[in-house]
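With this note's numbering, letter number 56 in the sequence shown gets 70, and the count goes up by one each step, no holes. Notes for the one structure printed next.
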Amino acid sequence: MSAAHPAFVILALVVALFTVIAMRLVDRRAQAQALAYSDLAFVERIARRRVPLERVLAGAFVFGIFALAAALAGPRVSASVPTRDATIVLCIDTSGSMRATDIAPSRSEAAKAAVRGYIDALPAGTRVGIVAFSSSAIVVQTPIEDREQALASLALVPPPNGGTAIGDALLGAARLLPQKGARAIVLLTDGVNNSGASPLDAAPQIGATGIRIFTVGIGTQNGGIIPGTLEEAQIDEQALRSVAEAGHGDYRRATDASDLQGALARLVRETVWEKKNVDASLAFALAGGGIVVMAVLGFATLGRFP
Numbered sequence: 015m016s017a018a019h020p021a022f023v024i025l026a027l028v029v030a031l032f033t034v035i036a037m038r039l040v041d042r043r044a045q046a047q048a049l050a051y052s053d054l055a056f057v058e059r060i061a062r063r064r065v066p067l068e069r070v071l072a073g074a075f076v077f078g079i080f081a082l083a084a085a086l087a088g089p090r091v092s093a094s095v096p097t098r099d100a101t102i103v104l105c106i107d108t109s110g111s112m113r114a115t116d117i118a119p120s121r122s123e124a125a126k127a128a129v130r131g132y133i134d135a136l137p138a139g140t141r142v143g144i145v146a147f148s149s150s151a152i153v154v155q156t157p158i159e160d161r162e163q164a165l166a167s168l169a170l171v172p173p174p175n176g177g178t179a180i181g182d183a184l185l186g187a188a189r190l191l192p193q194k195g196a197r198a199i200v201l202l203t204d205g206v207n208n209s210g211a212s213p214l215d216a217a218p219q220i221g222a223t224g225i226r227i228f229t230v231g232i233g234t235q236n237g238g239i240i241p242g243t244l245e246e247a248q249i250d251e252q253a254l255r256s257v258a259e260a261g262h263g264d265y266r267r268a269t270d271a272s273d274l275q276g277a278l279a280r281l282v283r284e285t286v287w288e289k290k291n292v293d294a295s296l297a298f299a300l301a302g303g304g305i306v307v308m309a310v311l312g313f314a315t316l317g318r319f320p
C-alpha cells in the first residue's frame, strides 16, 4: 500500500496519539470523581465489569479516528482490475490432428470447451473474436462484447481437417485487432506449422505493434495417431515458445482436458486483468466514520463518552 500524500500519514498517527492521551485523561478524571463520590467497593466492581468492553470500544474509536485522518493521505492499494478497452482474438486449430482422442472426448471438443470457459470468465466490456485455422485461416467471429453471440459462434468453427497454418492465423487475428488499447491473441494448437506464412516471421511483426501473443500447445507428451492416418500428431513447442516470447506473452502445454481448461482460466487474468494502484481514500473514510459512530454508540450505551 502507498499514499499520495505521505505527510498526512504522520498527521493521522499524531491525531490518533492525541486521541489516546485525551481519552486517558478523561478516564482518569472520571475515575477520580467516582472515587470521591461513590463507595470504593462498588466502584471497583463496576470498573472490573466495564474495563474490558471499554478498552475494546476505546481501541475501535482510536482506530476509526486514525482511519479518518489517514484518508486524507490518499491511501492507494494494489488490486487486480479489468483492463479497459481490451480486445482478444482466440485462434483455434482445426487441423486434422485435432480429431485425436488422447484428450477426451477429442482435442477439438476439449479446446472448444476450454474456450467457452474463457469467454464466460471475461469481464464485461471486453471484446472477443474467434479465428479458426487449418490449411488456411478464416474469421469465425469479429471482436464483439456480446458474450452470448461469441459463445454461439463456436458452433461455426469447422470440424478438424487439413494442415496447420499458424502464421496465417496470427496475421488474420492481428488484422481484427484495433490500433490501440489492450490487445492480445490466444493461440490454441496441437501441430507444427506446415502451411502459409511462418509464425516465426509473423510473431515479431505482431509483437512490435504492442499486441501480446499467448500460446497453448494441446496434446499428450507422446502425441497421438491422427485418426484416419498412420501419422503421429506432433507439436513444435520451441516454435510456440518463440512465438509467445516475440509477442511478450507465454507458452504452456495442456496434456488433458483439465490442463487445457486451467490454462485458459489463468489466461483470463493475464490477458484482460491488470495490477493497478487504486485510490482507497473513500473506503478509509467510510470505514473510519462507521467505526467511530459504533464506538460512540457503545460508549453511550454504557453511559460513558470517549
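For glycine and all other residues, C-beta sits at the position ideal for the given N, C-alpha and C. Quick caveat, the model's predicted, so the values are computed rather than measured.
Residues sharing a beta bridge with residue i, DSSP
i: ALA114; result: ALA114 is not bridged to any residue.
i: ILE240; result: ILE240 is not bridged to any residue.
i: PHE228; result: VAL200
i: LEU104; result: ILE144, VAL200
i: TYR265; result: THR229
i: GLU340; result: Residue 340 is absent from the model: the chain starts at 15 and stops at 320.
C-alpha distance - residue i paired with residue j, whole-angstrom precision
i: LEU322; j: ALA253; result: Look at the range of the chain in this structure, 15 to 320, and you will see that residue 322 is not part of it.
i: THR229; j: GLN163; result: 24 Å
i: ASP160; j: THR223; result: 26 Å
i: ALA85; j: GLY73; result: 18 Å
i: ASN175; j: SER148; result: 7 Å
i: THR178; j: LEU165; result: 24 Å
i: ASP107; j: ASP182; result: 11 Å
i: THR156; j: VAL171; result: 13 Å
i: ALA271; j: ALA260; result: 27 Å
i: ALA83; j: ASP293; result: 15 Å
i: ALA151; j: VAL145; result: 7 Å
i: LEU185; j: LEU274; result: 24 Å
i: ARG63; j: LEU296; result: With a pLDDT of only 49 at ARG63, under the threshold of 50, the placement of this residue in the model should not be trusted; the figure read from the coordinates follows. Straight-line Cα distance between these residues: approximately 36 Å.
i: VAL306; j: ALA87; result: 19 Å
i: VAL257; j: ILE220; result: 10 Å
i: VAL142; j: THR97; result: 13 Å
Per-residue DSSP class, three states only, for residue i
i: PRO96; result: strand
i: GLU159; result: coil
i: ALA151; result: strand
i: GLY143; result: strand
i: GLU245; result: coil
i: LEU136; result: coil
i: ASP270; result: coil
i: THR315; result: helix
i: PRO218; result: helix
i: ALA166; result: helix
i: PRO213; result: helix
i: GLN275; result: helix
i: LYS126; result: helix
i: GLY304; result: helix
i: GLY195; result: coil
i: VAL206; result: coil
Run of the alpha helix (DSSP H) containing residue i, from where it starts to where it stops
i: THR234; result: Neither: THR234 is in no alpha helix (DSSP H) and is coded neither H nor E.
i: PRO173; result: Segment: none, PRO173 is in no alpha helix (DSSP H) and carries neither H nor E.
i: VAL257; result: 251-260
i: ALA13; result: With the chain represented from 15 up to 320, any question about residue 13 goes unanswered, as that position is not in the structure.
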